[in-house]
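J.:
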Amino acid sequence: MAKLHEAQWLNAADATVTEAWAALELAVARVAREMEPQHVANTVYAFGKLERAPGPETWAALELAVARVAREMEPQHVANTVYAFGKLERAPGPETWAALELA
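The sequence shown lines up with residues -13 to 89 when you count with my numbering.
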């Protein structure tokens, strides 16, 4: 969805994608605890690129995932994750921020 939005082929805020968006969010919340570092970074980055913050349950799952895998992230993954937090105007929680600082 992020690439389609960036190419202006899809408006991520359009009502026609609401159901797809909800399904994607549920899937992210469900699998976040099992994601590898790059997958976590890419997912958080996609939300930031779309400038569309996930709901509270999905956000909490992603925050936990970032804290869990931050030390295994490549520098680019860390940068993309921090970028997304900034784009979404959300500060990482203390545990997540500490993990990102040590990455």
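For glycine and all other residues, C-beta sits at the position ideal for the given N, C-alpha and C. What you are looking at is a predicted structure, and each value in this text was computed from that prediction instead of being measured.
With distances taken Cα to Cα, identify the nearest neighbour of T4 among W83, G41 and V17.
T.: When only C-alpha atoms are compared, the closest one is G41.
J.: Under a three-way DSSP split, which group does P78 fall into?
T.: Correct three-state label for P78: coil.
J.: Considering only their Cβ atoms, is the gap separating L74 from A51 smaller than 8 Å?
T.: Result no, Cβ atoms of A51 and L74 do not sit closer than 8 Å.
J.: Are there 16 or more other CB atoms within 10 angstroms of the CB of P23, so buried, or fewer, so exposed?
T.: So P23 ends up on the buried side.
J.: Provide the residue span of the alpha helix (DSSP H) that contains R54, from first to last.
T.: Start and end: P42 to V55.
J.: Can you grab the Cα-Cα spacing for the pair E20 / L12, in whole Å?
T.: Using only the alpha carbons, I get a separation of about 14 Å.
J.: Is the beta carbon of A27 closer than 8 Å to that of M59?
T.: Result yes, Cβ atoms of M59 and A27 sit closer than 8 Å.
J.: Assuming A77 and Y31 form a contact by the criterion Cβ under 8 Å, report the distance between their Cβ atoms to the nearest whole angstrom.
T.: About 17 Å separates the two Cβ atoms, so there is no contact after all.
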